[in-house]
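For the protein sequence lines, the chains are A and B, in the order given.
Be aware that the first sequence starts at 1, since it is given in the working numbering, and climbs by one per residue.
Be aware that the second sequence starts at 890, since it is given in the working numbering, and climbs by one per residue.
Heads up, the beta-carbon is just placed ideally off N, CA and C, and yes, glycines get one too.
Note that the coordinates shown come from a computational prediction; the quantities given were computed from them, not determined experimentally.
What follows is a short report on a single structure.
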Amino acid sequence: MTFRIDGDEHEATPRAGQCLRTFLRERGRTGVKKGCDTGDCGACTVHVDGTPVHSCLYPASRAEGREVTTVMGLGTPETPHPVQQAFIDAQGFQCGFCTAGFVMTAAGLGEEQRADLPRAFKSNLCRCTGYRAIHDALAGVVNVERDAAGASVGRGLGAPAGPEIVTGRVEFTMDDAPAGLLHMALLRSPHAHARIRSIDTSAALAVPGVQLVLTHDDVPQMLFSTGRHTTRREDPDDTRILDVVARHKEQRMAAVVADSVAAAEEGVRQIVVDWEVLPAVFDPAEALKPGAPLVHGDKDAVESRIVDPSRNLVGEVHTVCGDPDAGFAAAAVVVEDTFEVQRIQHVHLETHGATAWLDEAGRLNVRTSTQVPFLTRDELALLLDLDPSNVRVFAKRVGGGFGGKQELLCEDLVAIAAMRLGQPVRIEFSREEQLAASTTRHPMRLRVRIGATAEGDFTAMELELLSNTGAYGNHGPAVMFHACNESIGVYKVPHKRVDGQVVYTHTVPAGALRGYGLSQSVYAVECVVDEVARRLGIDPIALRERNVVAPGDRFVAMSDEPEDVEFGSYGLDQCLAMVRDALADGSGEPVPGPEWLVGEGVALGMLDAGPPGGHHADARISLVPDATPAYRLAVGTAEFGNGTATVHRQIAAQVLGVTASDIELVASDTDEVGHDSGAFASAGVFVAGRATLLAAQALAARLEELGEEGISVARAAAEAITGEGTFTGSPRSVAFNVHGFRVAVLPATGEVRILKSVQAVDAGTVMNPLQCRAQVEGGTAQALGAALDEEVLIDDEGAVVTRNLRTYNWPTMATIPPTEVRFADTHDALGPLGAKPMSESPFNPVAPALANAIRDATGVRLTRLPMRRDRIWEALADAGLPGATFPAS
Amino acid sequence: MDLNTVEQLIPATGREAVDAFEPGDAWLAGGSALFAWPDPKLRRLVDITALGWRALTATDAGLDIAATCTIAELADYGTHPPPAEWPALAIVRGCCEALRGSFKVWNVGTVGGNICASLPAGPMTSLAAGLGAECLIWQPGGGERRAAVADVVIGDCVNALAPGELLRSIHVPADVLRGRAAIRQGSLTPMGRSASLLIARVPPADLAGEAPAFTLVITAAVARAVTLEFAEVPTPAELDAAIEARLVLGDYFADPHGTPRWRRHLVRLHARELLEELTGA
């Protein structure tokens, strides 16, 4: 069969059931991405005879004799197609994984589609940008600014990888094809709780092409946690590489390695397991009751660091600061409510995946889609009993993470298989595995109680939460602690009570997700703050202004002892004022009609800059003789759409008096620097950026010391001149976000329209306004999905129901309104060149601001997320709102 | 996605393809349903686009839509501009737009494939049911049968096609097309998947007294299309009473796209709007 792909002829016979997506990728057209593999996300869009189609749905053989154009054939970095150039000029991408699909869809629009872009793009998912930058690209808006030597900081520079991203050349985790590559597929548990009585792999091993089957008998049985932290003791050791017990549906139970994905999948189907099905518990409150089935009843509390395995209790916190009882007694009003926050999934567009191999020296190499290469390296060495120097873990460009890749979910198995077989082994999660069997946000039930005087001074706060960590405790305790910290620490009242518990159930494990507990607790706290304002008849912004911390105040949450958090700068007052002004300036969409109810709502969030207990980052920068670019900067942190690859170069350029293009960045490779805790806890700029700053300053000092003569000598000797920097993440500053919405609600259907959305942020010195704005917009969009639509639903048997991107309702371009982003004018004394983190925190105030606006519009308080149309309507109907009840005839 | 258990992809050569149908076979049209849903039982795909069926055939008797007609072809036919003698085609666009997938999916997805996938939210099922279309089904052994859509799509992902039966086309009667029709879709999200999709129609003036004066077809909110026919134009109260008499809360579909209670409300609300739009009642 003859195929024409990007102008080249290919003689090939596709497999009978092969889709065009994999056929193209096997021919090197790796710009064609897998996002969902079910035709919903559009990342695989190509043109067949000029018509845009999703190549994952297109039978490969049907392309015979037709002209197939991929993003790689549409244009090149040197001569990009006008649409590709527009995406560079507008920076219509962040991680870049969805970009090929957007570019190919845009390039294939007809007049009819151009007239209604949200409809034309409803099958294109971008998880990073919130779509505004993509709108700009489609409208031909130029957002990138020019650089200037020694003055990079503060400019909206484009991402260095832009030309490669928009033309499909940038290499993501699954885009290389090492010789002799083998593929792994996993047997996953069909039961929520069951023990393997016996497992028969003989038929699997007999499948042609199958090379290896791994079961619990074949792998180390050391307990660890998939969750990765600077200190490994932060997470309970409750997980085995392969366990004899399944503790949630879809838990990985065995692995098959074969010459092809098809053979590995067939091998998995041929494994015969004799299961002893055990009783299971899915509700966290039920799990705490005496007699409940135990998820980790076989664990030792001390060894595994589980508070009480005999009660499914992973972790807990019970603290009292000041005298909350006296505070409540002295209050003129006390408001209390309970809330329920759902599971959501990150839906980073690049699924989890890794490739492992042994190099010539016999050293284990693992290339993976991770936010934490160094912590993965350390744990792999521990699990496999290797010296860390004999393990290299690295990531190149990562297609989104949002916390989901602060985990070790697949690297261990491919490492073991590669060491057994001496050949490279790859695993690539499907979207279904991603949604049903990786990690989610921690679902929580929360109770918040606030007392206040008649004047509006808070007298006491109480936060109680029950967090469901699922079958494993990865991030469970840390998320619980974080939820209980900044959400109430932002209010200065010293009388606080906190009761938190995090509990095992036989469900898909929860893990790290943008906000890390705060998105749940900030929602609950800010809703109750809003109710206090209503009860007292005080403007909700004024009430917050009265009660928030300011320089000179202590942060009081679970402790009133001083921590390492300081006011390196303070812009919360500015943020509150900016949101007030923005909501009052008369801008925004008009009210759709007289039957719509209109309301406004605000909420705030505070975020400590980096995790407690430290966060390590090393950086090294060298002036390399006769190299282009002249400087080589090595950092450990990973770029996954957060923009650090741009900002680190800007920081170094600023210090060295050059432009960002003079600096080559290498990142996220354990062979390049000593250590880095990784790209999480918003540490990419505040911590790793500080290390870069110190390294650049060290190099600048060295260059000055050497003088022109000394530099020439080094050049003549072909010696690099190097500066190094390290930062350990303490002391920390605080960043602030305030969100405001005006909404219209249609009581008849429960539909919410956002008429105005504004977020004011205190990011310190804004290193790159283009990227920082994009982070705020993207965080807002992801949070809107979580506030309105998204939920990982679990059935009565513990199985995830929302298993693909057709049932998991992610926000499209049609869902997301523009959000006005305003920056506070501050300069941080602790952050690098005055900067503070701004990657997680934009997520946190969105859901409560929206809930408060809906409350303002309708008079009804929604205490459960997501605020889906059906639930809003049901709440309004139950409240007897005239427009919501069915009109009498 | 790759369908890794499939060993053969063969073109259907003619009418006799239905006789060669075996367990593990599936009819392949556009592929947008088959390639989106893993089914390890599949061994062979039989490509019915090889039969070269004409997508749309208009006759005095009405419109025949081949199973392999793509949604893009149908949308184009219904839009640019809708044939003046068939005003009921005005709902075609809305049905196509009710598909969760964008125009890129329209380019490959087919009318027959959408019906045979038998999802409650399948908008081609809604269209066919809404316009009172009849399915023409080829049977093994050389026979064929005709059936109303509600007797083909009978449950959530369940249809009444026997192994080997092949949906050939759907026939929309001219008498319906000459009337007027209107559509209402409800969804949890803007441009999202249908939680309810209602189509109502009234007959052309020359059929007054012969055809039902008002017909309401409820889909997406229920797993199997429900048709309510009224000899006389009902009052809003009569319409609502008829819906409530026919469907109790437990009859409404529950899935991640909406609660039964909300779906029931949308059906009642949108039915009333459709009545007003088409009859002024």
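With 16 or more other CB atoms across the displayed protein chains lying within 10 angstroms of its CB, residue 836/A is buried. Minimum Cα-Cα distance from residue 31/A among the listed residues 545/A, 578/A, 44/A, 747/A corresponds to 44/A. Residue pairing by DSSP places residue 936/B opposite 900/B, 917/B in a beta bridge. Within chain B, 891 have C-beta atoms less than 7 Å from the C-beta of residue 18/A, given in sequence order. Straight across, the Cα-Cα distance linking residue 1166/B with residue 133/A is about 40 Å. Only those residues of the region 28-39 of chain A whose C-beta falls short of 7 Å from the nearest C-beta of chain B are listed: 37, 38, 39. Residue 404/A is a Cβ neighbour of residue 352/A, given a cutoff of 9 Å. The alpha-carbon of residue 244/A is positioned some 11 Å away from that of residue 219/A. Every unbroken stretch of the beta strand (DSSP E) spanning 3 or more residues and falling wholly within the region 306-340 of chain A is given here in chain order: 313-321. Three or more Cβ pairs drawn from the region 323-342 of chain A and the region 448-464 of chain A lie within less than 8 Å of each other, which places the two stretches in contact. Taking the C-beta atoms as reference points, residue 1025/B is found nearer than 9 Å to residue 1034/B.
With 16 or more other Cβ atoms from the protein chains shown falling within 10 Å of its own Cβ, residue 191/A counts as buried. Taking a Cβ-Cβ threshold of 8 Å, none of the residues of chain A is close to residue 1139/B; the smallest such distance is about 16 Å. The shortest C-alpha to C-alpha distance from residue 660/A to any of 152/A, 124/A, 300/A, 78/A is the one to 152/A.
Contact annotation for residue 61/A against chain B: 898 [CB-CB distance below 7 Å, chain order]. Here the alpha carbon of residue 53/A sits roughly 36 Å from the alpha carbon of residue 515/A. A check of alpha carbon separations from residue 165/A across 202/A, 157/A, 93/A identifies 93/A as the nearest. Between residue 464/A and residue 435/A, the CB-CB gap reaches or exceeds 9 Å. Under the Cβ criterion (8 Å, minimum of three pairs), the region 868-876 of chain A counts as touching the region 747-755 of chain A. Residue 211/A sits in a strand when the DSSP states are folded into three classes. Linking residue 157/A to residue 656/A through their CA atoms gives a straight-line distance of about 17 Å. Non-local beta-carbon contacts of residue 1062/B in its own chain, meaning distances under 6 Å to residues more than five positions away in sequence, involve 951 in chain order. When secondary structure is reduced to three states using DSSP, residue 661/A falls in the helix class. Below the 7 Å Cβ cutoff, chain A contributes 38, 39, 57 as neighbours of residue 925/B, in chain order. The beta carbon of residue 907/B sits no closer than 9 Å to any beta carbon of chain A. Interface with chain A (9 Å Cβ-Cβ cutoff): residue 1013/B is excluded. Nearest neighbour of residue 206/A by Cα position, chosen from 701/A, 258/A, 242/A, turns out to be 258/A. When secondary structure is reduced to three states using DSSP, residue 1003/B falls in the helix class. Membership of residue 104/A in the alpha helix (DSSP H) is indicated by the continuous run 99-107. In the three-state reduction of the DSSP assignment, residue 253/A falls in the strand class.
With a cutoff of 9 Å on beta-carbon distance, residue 729/A and residue 617/A are scored as near each other.
Along the region 1073-1100 of chain B, the positions whose C-beta sits under 9 Å from a C-beta of chain A are 1075, 1076, 1077, 1078, 1079, 1080, 1081, 1082, 1084, read in chain order. In the three-state scheme derived from DSSP, where H, G and I count as helix and E and B as strand, residue 487/A is classed as helix. In the three-state reduction of the DSSP assignment, residue 468/A falls in the strand class, which pools E and B.
The region 1115-1140 of chain B is shown to contain whole beta strand (DSSP E) runs of 3 or more residues at 1115-1119, in chain order. In the displayed model, residue 1024/B falls within a strand according to three-state DSSP.
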